[in-house]
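S.K.:
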Amino acid sequence: MVYTVTDVSGNVGTEVVKKASIWKEIILAFIASLPFFTHGLEATELYATAHSGHFIDSPEQVPWNATALIVAAAVTAPIYCYVIDKHGRKVGLFIVSLTQGISCIPLFLPPNDTNTIILHTVAGISTGGLFTVLPIYICEISSIESRGFSLSLMSAMTTLGYVMKLVMDLETMMYVMTAMVMVQLLSMLWLIESPSYWVKIGKVEIAIDKMCRLKCLEDDNPNLIKCLETLRDESDRAKSHGKLTLVHIFRNLIWRDAIKIGVLVHTTMILCGSIMFLDQDKTLLQLKIPSDPDRVLVLVAMFVGSFFTSLLILYAERKVSTNLILMTYLQVNWLE
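Position one of the sequence shown corresponds to residue 0 (numbering that gives the first Met the number 0), numbered consecutively onward.
(1) Is the segment 218-227 touching the segment 30-42, taking contact as three or more C-beta pairs under 8 Å?
(2) I'd like the span of the alpha helix (DSSP H) that includes SER96, first residue to last.
(3) Can you find the residues in the same chain that come closer than 6 Å, C-beta to C-beta, to LEU106, ignoring five residues on each side of it along the sequence?
(4) Quick one: give me the first and last residue of the alpha helix (DSSP H) that LYS199 is part of.
(5) Along the chain, which unbroken stretches of the alpha helix (DSSP H) at least 4 residues long are found entirely within the segment 157-228?
(6) Does the segment 137-147 come close enough to the segment 107-122 that 3 or more CB-CB pairs lie under 8 Å?
(7) Given this structure, state the Cα-to-Cα distance separating ALA300 from PHE306, to the nearest angstrom.
(8) In the structure shown, what three-state DSSP assignment does LYS85 receive?
(9) Using a threshold of 8 Å, state whether the C-beta atoms of ILE191 and LEU27 are closer than that.
(10) Using 8 Å as the threshold, is the C-beta distance between VAL74 and ILE101 below it?
(11) Tell me whether GLY128 is buried or exposed, calling it buried when 16 or more other Cβ atoms sit within 10 Å of its Cβ.
(12) Which residue wins for smallest C-alpha separation from ALA76, given the options CYS211, LEU133 and ALA42?
(13) Can you give me the C-alpha to C-alpha distance between LYS23 and VAL203, rounded to a whole angstrom?
(14) Around the C-beta of TRP197, are 16 or more other C-beta atoms found within 10 angstroms, so that it is buried, or is it exposed?
(15) Have a look at LYS18 and THR177 and give me their C-alpha separation to the nearest angstrom.
(16) For LYS89, I'd like the list of residues in its chain whose CB is within less than 7 Å of its CB, leaving aside the five on either flank, ordered along the chain.
(17) Count the other CB atoms within 10 Å of the CB of LYS259; is the residue buried (16 or more) or exposed (fewer)?
(18) In chain order, what residues of the same chain lie with their CB nearer than 7 Å to the CB of SER20, ignoring the 5 residues before and after it?
(19) Between which residues of its own chain and MET167 is the CB-CB distance below 7 Å, once the five residues before and five after are set aside?
Take a look at the structure:
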C-alpha cells in the first residue's frame with residue numbers, strides 16, 4: 000500500500016511507502032523456537048547433552064545413552080535437510096515436534112537401561128532436526144533487522160528450559176514436556192511456510208501470498224516486490240552453480256567465512272558449557288564463593304546471559320556481541 004501526502008493547496012507531495020512489520024516475524028520466530036524450550040527441559044534431567052553429563056556406562060566404559068543420542072542426531076540431520084528441501088520447512092518443524100512427543104513415551108515406562116537408550120535415540124532424532132530445520136526456517140522468515148534477535152531466541156529458550164529445573168520436580172517436568180509438545184503441534188497452524196521455499200520450487204504466486212501475510216503488506220507494495228526480486232535473484236544464482244557440493248561451499252568466500260564464524264562461536268559455546276558444568280566446584284572455590292551442588296548459579300547465569308545477549312544484538316553489531324562473549328570466556332579462564 001502506498002500513501003500519497005498532499006498539502007492544503009492540493010499539490011501532491013512525497014509518496015510514503017508502508018514498511019514491512021517485523022513484529023510478526025519475531026512472533027513467528029518465537030513460536031518456532033518453542034521446541035528449544037522443550038529441549039532445555041529434557042536436557043536438564045532426562046538425557047545427556049554438552050551441558051549435562053548423565054551417562055550409563057557399559058563394562059567397557061562406553062556411554063551408550065550419549066552415544067545413541069549423538070549417532071541418531073548425526074544420521075538424521077542430513078535427512079532432515081533433504082526432507083525440508085523437497086517438502087517444505089513446516090514439514091521438518093512438524094517432524095521435530097512429533098519426535099519430541101514420541102520421546103516423552105519412554106519417560107512413563109519403568110526406568111531401565113533399554114528404555115533410557117531408546118529415549119536417547121528418539122531424542123537424538125529430534126535434536127538432529129532441532130539444530131538444522133529451525134535455524135533455516137527462522138533465518139528465511141526474518142528480515143535483516145530482526146534476524147539476529149530471532150536466531151538468538153534459540154539459545155534463550157534452551158536456557159529457559161534449563162532454569163525450569165529450579166522450580167519443578169522431575170514428574171512435573173515430564174507433564175510440562177508433554178503439554179509443550181501439544182502446544183508446538185497446535186502452533187503449526189499459525190506458522191507460515193517460508194517464501195524462499197516457494198520461490199525455490201517455482202511457485203511465485205504462493206510465495207507472494209505467504210510474503211504478504213508474513214510482512215503484513217499488500218501485494219503491490221514496492222518493499223514486498225523488492226523482497227521478492229531478492230529471493231528470485233538468490234534462487235537463480237544458486238541454481239546457476241548446478242548441484243551444490245562441498246567444493247562449491249569452500250570456494251565461496253562468504254560461505255567459507257560463515258563456516259569459520261560458526262565453528263568459532265559453537266566451539267566457544269560448548270567449551271563454556273563444559274567448563275562451567277564440569278569444573279564449577281573448582282571455579283567457585285577459587286572465587287571464594289560457597290559450593291552450589293544444585294547448579295543454581297550456573298543455570299541462572301546462562302539464562303540471564305543468553306537473554307542479555309539477545310537484547311544486545313538488537314542495539315549492537317554482531318561482531319561487538321561476539322567479541323564480548325569471547326572476552327567473558329577468556330576472563331573466566333583467567334580466573335580459573
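No residue lacks a Cβ here, since even glycine has one placed at the ideal position from N, Cα and C.
M.R.: On the basis of the coordinates in this document:
(1) Because the criterion of three Cβ pairs below 8 Å is not met, the segment 218-227 and the segment 30-42 do not touch.
(2) Here the alpha helix (DSSP H) through SER96 covers 88-101.
(3) Sequence-distant partners of LEU106 (beyond 5 residues in either direction) whose C-beta falls short of 6 Å from its own C-beta, in its chain, are MET173.
(4) Counting along the chain, the unbroken alpha helix (DSSP H) around LYS199 starts and ends at 194-199.
(5) As far as the segment 157-228 is concerned, its whole alpha helix (DSSP H) runs of at least 4 residues are 169-186, 194-199 and 203-214.
(6) Contact between the segment 107-122 and the segment 137-147 is absent, because fewer than three Cβ pairs lie under 8 Å.
(7) Whole-angstrom Cα-Cα distance: 10 Å.
(8) Under the three-state reduction of DSSP, LYS85 is assigned to helix.
(9) For ILE191 and LEU27, yes; Cβs fall inside 8 Å.
(10) No, the Cβ-Cβ distance between VAL74 and ILE101 is not below 8 Å.
(11) Answer is buried; the Cβ neighbour count reaches 16.
(12) That would be LEU133, whose Cα lies nearest to the Cα of ALA76.
(13) For LYS23 and VAL203, the distance between alpha carbons rounds to 21 Å.
(14) Buried: at least 16 other Cβ atoms inside 10 Å.
(15) Going from the Cα of LYS18 to the Cα of THR177 covers about 39 Å.
(16) Taken in chain order, the residues that qualify are MET187, LEU190 and GLU192.
(17) It is exposed - the Cβ of LYS259 has fewer than 16 other Cβ atoms within 10 Å.
(18) Around SER20: LYS214 and CYS215.
(19) Excluding residues within five positions, the ones whose Cβ falls inside 7 Å are VAL175.
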